[in-house]
Amino acid sequence: MIRIRMVIRYDGTNYAGYQVQPNGNTIQAELEKALRKMHKGEQVKVVASGRTDARVHAVGQVIHFETPLHIPMANWKRALGSLLPDDIQVVSADQVSEEFHARYDAKGKEYRYYVHHAHEHDLFRRHYTHHVRAELDIVRMKEACSHLEGEHDFTSFCSPKTDIKGTKVRTIYKAEVTKEGNDIVFIFRGSGFLYNMVRILVGTLLEVGRNERKPEDVKRIIEAKNRNEAGKTAPPQGLFLWEVFY
């Protein structure tokens, strides 16, 4: 048996998330179905760096699995990719040690969230951006981002539905907002992220941008450790898992 690591990307629009669920198609289910075909009906368990929710996308999701197949490593990308639906793509494949773990060895992740800031929504990008028509103050949102960087308890920015029983302390190495044409892009790089954390961060920052909150309110929200103090959860379609670091 050898262990293979793959970087994959996917369009999450038509999926109920990454993780296998009783009801609804998922990314993991499609990966394992394709691998089952390659292994003549044998089940192959796929482990990912983390879950993504329904309608959330990934540019750099990392997975691993074990296989007894003797396929040249250079052929794995094409072999598995040919069995996957068009909205899931293998970016790269390589053999790793038996100790490598896609989830537990991850040192950090980067997420990006895209807001289409225009009077009318972009019809052909509606599944990949969150459309906001209201005026947004980029300077205020940049200032608010500065209060997010560093090590904090992000309980206020975590869904109450989380299954995390331990600490909610995480380190944000970079929190920034940039303008790219009609798009406003939020970039978060950190040691790890809680359930719905990025979407709640974005929802709160958008309220700052609309002058509904002050930039310095972010510090108070963090200190409150209360989900009710933060903003609304931004919709899922603008969110991309961009990269996983090891």
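Residue 1 is where the sequence shown starts when you use UniProt numbering, and the numbers rise one by one after that.
A virtual CB, placed ideally from N, CA and C, is assigned to each residue, including glycine.
Where residue i falls: helix, strand or coil (DSSP)
{"i": "THR204", "result": "helix"}
{"i": "VAL198", "result": "helix"}
{"i": "GLY12", "result": "helix"}
{"i": "ARG189", "result": "strand"}
{"i": "LEU84", "result": "coil"}
{"i": "VAL139", "result": "helix"}
{"i": "GLU180", "result": "strand"}
Exposure label - residue i; buried when at least 16 CB within 10 Å
{"i": "ALA196", "result": "Per the sequence presented here, residue 196 reads as Asn, with Ala not at that position. Under this definition ASN196 is a buried residue."}
{"i": "PHE186", "result": "buried"}
{"i": "GLU42", "result": "exposed"}
{"i": "ARG78", "result": "exposed"}
{"i": "ALA134", "result": "exposed"}
{"i": "HIS152", "result": "buried"}
{"i": "GLU30", "result": "buried"}
{"i": "THR167", "result": "exposed"}
{"i": "MET1", "result": "exposed"}
{"i": "GLY231", "result": "buried"}
{"i": "TYR246", "result": "exposed"}
{"i": "ARG220", "result": "exposed"}
{"i": "GLY203", "result": "buried"}
{"i": "GLN28", "result": "buried"}
{"i": "VAL90", "result": "buried"}
{"i": "PHE240", "result": "buried"}
Where the alpha helix (DSSP H) containing residue i begins and where it ends
{"i": "VAL218", "result": "217-224"}
{"i": "MET1", "result": "Per DSSP, MET1 belongs to no alpha helix (DSSP H) and is neither H nor E."}
{"i": "ARG78", "result": "73-81"}
{"i": "GLU32", "result": "27-38"}
Rounded Cβ spacing between residue i and residue j (contact assumed at less than 8 Å)
{"i": "GLU110", "j": "ARG189", "result": "4 Å"}
{"i": "LEU194", "j": "PHE154", "result": "6 Å"}
{"i": "GLY12", "j": "THR52", "result": "6 Å"}
{"i": "SER156", "j": "ALA224", "result": "6 Å"}
{"i": "ALA74", "j": "GLN61", "result": "That belief does not hold up - the Cβ atoms of ALA74 and GLN61 are roughly 21 Å apart, past 8 Å."}
{"i": "TYR128", "j": "TYR114", "result": "6 Å"}
{"i": "ILE71", "j": "ILE8", "result": "Incorrect: roughly 17 Å between the Cβ atoms, too far for contact."}
{"i": "ARG170", "j": "ALA102", "result": "No, ARG170 and ALA102 are not in contact; Cβ-Cβ is about 19 Å, not under 8 Å."}
{"i": "TYR15", "j": "THR26", "result": "6 Å"}
{"i": "HIS147", "j": "GLU99", "result": "About 38 Å separates the two Cβ atoms, so there is no contact after all."}
{"i": "HIS130", "j": "GLY238", "result": "4 Å"}
{"i": "ARG3", "j": "HIS57", "result": "Rounded, the Cβ-Cβ distance is 26 Å, inconsistent with contact."}
Residue range of the unbroken beta strand (DSSP E) whose run includes residue i
{"i": "GLY108", "result": "108-117"}
{"i": "LEU123", "result": "No beta strand (DSSP E) holds LEU123; DSSP gives it neither H nor E."}
{"i": "VAL132", "result": "130-132"}
{"i": "PHE100", "result": "Per DSSP, PHE100 belongs to no beta strand (DSSP E) and is neither H nor E."}
{"i": "VAL244", "result": "239-245"}
Distance cut-off 7 Å: residue i Cβ against heavy atoms of the ligand PLP
{"i": "GLY166", "result": "Ligands in the displayed structure: none, and consequently the ligand PLP is not present."}
Review point. Where are the beta strand (DSSP E) runs, 3 residues long or more, that stay fully inside the segment 141-175, in chain order?
Key: 150-153
Exercise for review: Go through the segment 38-68 residue by residue and report every complete run of the beta strand (DSSP E) that reaches 3 residues or more, in order.
Suggested key: Runs of beta strand (DSSP E) with 3 or more residues, each lying fully within the segment 38-68, are found at 57-67, listed in chain order.
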